[in-house]
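Anchor point for the sequence shown: position 132 equals 132 in UniProt numbering, and the numbering is continuous, going up by one each time. Positions of the beta carbon are idealized from the N, C-alpha and C atoms, including for glycine. So the structure is just underneath, and the comments pick up after that.
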Amino acid sequence: MYKNALKEDLIRVVEDLDGTVESTDTIAKLKTKIEKSSTFESDADFVKILIKNCIDERVSRNEREATLEKQKIELAKLQLAQLKKEVELQTAKNKALSLNPAAKVEEKQFETNIENMIKSIKTLSLPVPTRSENFNLFFQSLERAFLTKKINDEYKSEILINLLGERAHNVLLYIKKEELNDYEKLKSIVLREFQVTPRECLNSFKNAVKLSGETYIQFAARLTANFQYYCSLRKVNSFESLCDLLISDKLFETLNKETATHIGIREAEDWFRPIDLAKECDIYISSRSGSRKETPIACGYTEDPFKNRPRNCKPKIKDSYPQNLERQNKNCYICGDSSHYARDCEKRFKPKESNGHIHNRKNANSLKVKSEKQKSDEFAQQLQYVNIFVENQPVTALIDSRCQIPVLNSSLIRVNKPSEGMITLSSCFNEKRMVESAPINISLTQHSPSLSVRTALSPTLTEEFIIHPSVYTEIKKINHAKSDVLFNESESSLGAYFIFNVANVIENSSYDLSHVKNFNIRNDLSSLIKNYKPIKIKSTKLKMCIILKHDIPVCQRARRLSCSDKSQVNDQIDDWLQ
Numbered sequence: 001m002y003k004n005a006l007k008e009d010l011i012r013v014v015e016d017l018d019g020t021v022e023s024t025d026t027i028a029k030l031k032t033k034i035e036k037s038s039t040f041e042s043d044a045d046f047v048k049i050l051i052k053n054c055i056d057e058r059v060s061r062n063e064r065e066a067t068l069e070k071q072k073i074e075l076a077k078l079q080l081a082q083l084k085k086e087v088e089l090q091t092a093k094n095k096a097l098s099l100n101p102a103a104k105v106e107e108k109q110f111e112t113n114i115e116n117m118i119k120s121i122k123t124l125s126l127p128v129p130t131r132s133e134n135f136n137l138f139f140q141s142l143e144r145a146f147l148t149k150k151i152n153d154e155y156k157s158e159i160l161i162n163l164l165g166e167r168a169h170n171v172l173l174y175i176k177k178e179e180l181n182d183y184e185k186l187k188s189i190v191l192r193e194f195q196v197t198p199r200e201c202l203n204s205f206k207n208a209v210k211l212s213g214e215t216y217i218q219f220a221a222r223l224t225a226n227f228q229y230y231c232s233l234r235k236v237n238s239f240e241s242l243c244d245l246l247i248s249d250k251l252f253e254t255l256n257k258e259t260a261t262h263i264g265i266r267e268a269e270d271w272f273r274p275i276d277l278a279k280e281c282d283i284y285i286s287s288r289s290g291s292r293k294e295t296p297i298a299c300g301y302t303e304d305p306f307k308n309r310p311r312n313c314k315p316k317i318k319d320s321y322p323q324n325l326e327r328q329n330k331n332c333y334i335c336g337d338s339s340h341y342a343r344d345c346e347k348r349f350k351p352k353e354s355n356g357h358i359h360n361r362k363n364a365n366s367l368k369v370k371s372e373k374q375k376s377d378e379f380a381q382q383l384q385y386v387n388i389f390v391e392n393q394p395v396t397a398l399i400d401s402r403c404q405i406p407v408l409n410s411s412l413i414r415v416n417k418p419s420e421g422m423i424t425l426s427s428c429f430n431e432k433r434m435v436e437s438a439p440i441n442i443s444l445t446q447h448s449p450s451l452s453v454r455t456a457l458s459p460t461l462t463e464e465f466i467i468h469p470s471v472y473t474e475i476k477k478i479n480h481a482k483s484d485v486l487f488n489e490s491e492s493s494l495g496a497y498f499i500f501n502v503a504n505v506i507e508n509s510s511y512d513l514s515h516v517k518n519f520n521i522r523n524d525l526s527s528l529i530k531n532y533k534p535i536k537i538k539s540t541k542l543k544m545c546i547i548l549k550h551d552i553p554v555c556q557r558a559r560r561l562s563c564s565d566k567s568q569v570n571d572q573i574d575d576w577l578q
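Pasting the structure below:
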């Protein structure tokens with residue numbers, strides 16, 4: 001548990017467990033405080049995970065600091081190399097001026113200060129792009145600025161490195177010394193580092209959209225530059241080759257995923273002419289032994305099939321399905337008609353209406369299940385609150401038809417109940433939180449018969465209490481019937497809205513009821529087992545096992561007793577089951 005743990009890790013764990021740390025505490029004392037904490041006694045696994053997370057966080061932080069330190073050293077080296085270059089440049093200038101004093105007049109006319117050059121070029125060119133497909137526009141504007149300012153070739157590579165800044169770090173690590181002063185070689189290395197593939201460049205051109213702060217003239221210029229860059233990557237320099245490229249791209253879009261992947265590997269950095277591409281496809285399809293016939297993609301492998309489809313337009317369904325694959329019993333879950341599927345329903349893309357007409361259709365194959373769906377439908381349209389009592393405390397509860405366990409705000413409602421374990425609550429926004437669970441007594445009025453329900457205790461809940469409609473129904477039944485235990489054989493209907501969902505349950509009880517899927521029945525069985533006290537012989541220990549068969553609670557008879565004791569226990573169980 002304490003493997004690779006340092007003193008600072010143990011101090012942080014003690015502080016997280018609400019403990020006090022003194023300056024004189026040693027590692028042994030810190031371990032003792034951790035092991036004697038209430039959290040460790042109740043959930044040792046949680047404390048172990050906390051210690052491991054502290055160790056991992058410290059290790060990752062040290063690694064980040066080491067990496068940052070290395071980067072600072074590399075940056076300092078680059079700055080030192082730049083300074084040396086400037087010193088050499090100034091030395092060469094001074095030497096040239098000493099040999100030719102008349103060059104001072106030319107120096108005033110053509111300013112060669114490297115800093116001023118960088119500032120002027122940076123003003124005339126585009127900023128360094130953040131996306132790889134925009135590097136062609138960057139180099140076009142940079143070379144146009146070089147021509148405007150009449151920059152000599154010896155300064156171009158240095159200006160480019162200064163403009164790239166941090167993005168040039170990886171390039172400078174493996175570039176050769178003779179390539180550092182050659183602008184064309186340096187440009188090719190940068191493009192090789194950041195340049196996208198021709199296929200990605202084409203997709204970027206097709207998926208380009210006008211930006212919010214961009215005019216249509218700027219948008220058209222950007223599209224023109226992107227398409228010209230794509231043509232340059234494909235090495236298209238004539239009208240005939242451009243036509244072949246368009247036909248090949250269109251043919252490639254009709255291929256399925258497997259064939260397109262094969263063609264992409266075969267093309268590498270080049271591209272196939274239409275006839276060559278067709279031959280490659282035919283050879284690949286014919287060489288697949290025992291494979292099914294290729295089914296082309298109508299919208300293209302590189303496109304989104306749902307991007308340009310109208311919102312209210314349903315896709316065309318082919319009528320040539322094999323008859324042996326058709327299901328015999330059709331049932332549309334939208335309108336309830338048995339003559340078609342939901343995919344062919346005319347009401348699929350229409351505004352949703354009330355579901356009342358579904359139950360009135362004669363052809364609807366409705367499921368005959370005894371559930372509380374009709375009772376929970378009234379809570380599905382809008383939020384509904386009810387006033388109930390939790391441990392004889394007034395509470396305003398929210399009815400949620402999709403919650404799988406009641407959730408109580410423990411920061412507003414104080415409940416003195418021992419915890420039975422930890423569960424993971426998952427909200428509809430995929431937010432997960434570990435909370436405690438405990439049996440809570442819920443009643444309709446104060447000091448009235450209550451229902452003991454296992455409840456999650458969350459201190460960050462926005463509502464006071466959240467319950468399922470079936471729980472509220474059971475409370476009302478208990479209030480009217482004054483019964484201690486009620487069983488519900490049907491699964492509760494789950495509506496379309498929910499707030500919490502139980503993702504994981506850690507059971508700490510001595511009995512196992514995990515096979516009971518309905519949490520209402522599980523709570524009833526749990527309460528029943530705890531409250532059951534049979535008349536026992538002093539020397540005999542009885543253990544009763546509750547199992548579930550077809551949602552009916554059944555008691556397994558006790559064994560290994562004398563005939564008289566066994567008869568007495570069976571009579572008690574028969575009375576209890578009645």
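From the options, pick the residue whose C-alpha is nearest to that of residue i; which is it?
i: S264; options: R199, S204 and L245; result: Here the sequence assigns Gly to residue 264, which means Ser is not the residue at that position. Of the candidates R199, S204 and L245, the one whose C-alpha sits nearest the C-alpha of G264 is R199.
i: L50; options: T20, V14, L191 and N62; result: V14
i: P418; options: Q90, N62, D45 and T455; result: T455
i: S443; options: S60, F239, V386 and E269; result: V386
i: K187; options: C231, F138 and Q228; result: F138
i: I189; options: E420, L173 and N203; result: L173
i: E474; options: S410, E88 and N520; result: N520
i: N392; options: K347, K93 and P449; result: P449
i: K405; options: C345, R414, N523 and T460; result: The amino acid at residue 405 is misidentified as Lys; the sequence shows Ile. The shortest C-alpha separation from I405 is found at N523.
i: F146; options: L126, E154, I121 and P127; result: I121
i: T460; options: S410, S238 and M1; result: S410
i: D9; options: D45, L451, S426 and R61; result: R61
i: E179; options: N237, K156, V47 and A208; result: K156
i: M434; options: S458, A268 and T445; result: S458
Can you tell me whether residue i is helix, strand or coil according to DSSP?
i: S452; result: strand
i: K31; result: helix
i: R144; result: helix
i: N409; result: strand
i: K432; result: strand
i: E378; result: For E378, the predicted model reports a pLDDT of 47, less than 50, meaning its position is unreliable and no value from the coordinates is stated.
i: F389; result: strand
i: N181; result: coil
i: L126; result: coil
i: F465; result: strand
i: I399; result: strand
i: T259; result: helix
i: S427; result: strand
i: A438; result: strand
Let me know if residue i comes out buried or exposed under the rule of 16 or more other beta-carbons within 10 Å of its beta-carbon.
i: H447; result: exposed
i: E464; result: buried
i: L525; result: buried
i: E214; result: exposed
i: R192; result: exposed
i: A220; result: exposed
i: A397; result: buried
i: R343; result: exposed
i: R234; result: buried
i: R12; result: buried
i: C243; result: exposed
i: W271; result: buried
i: I217; result: exposed
i: E436; result: buried
i: F135; result: buried
i: P394; result: exposed
i: I55; result: buried
Please check the pair residue i and residue j, which I expect to be a contact at CB under 8 Å, by giving their CB distance rounded to whole angstroms.
i: K85; j: E158; result: 7 Å
i: C403; j: I478; result: About 20 Å separates the two Cβ atoms, so there is no contact after all.
i: I118; j: N181; result: Not confirmed; about 16 Å, so no contact.
i: I27; j: K7; result: 5 Å
i: V390; j: I423; result: Rounded, the Cβ-Cβ distance is 18 Å, inconsistent with contact.
i: C332; j: Y341; result: 6 Å
i: Y2; j: K36; result: Not a contact, Cβ separation roughly 15 Å.
i: Y230; j: C201; result: 5 Å
Using only the heavy atoms of the ligand SAM, determine whether one of them is closer than 6 Å to the beta carbon of residue i.
i: T462; result: This structure lacks the ligand SAM; in fact it carries no ligand of any kind.
Counting pairs of Cβ atoms below 8 Å between the region 146-162 and the region 64-74, do you hit three or more?
no
Inter-stretch contact at 8 Å, needing at least 3 Cβ pairs: the region 248-260 / the region 273-287:
yes
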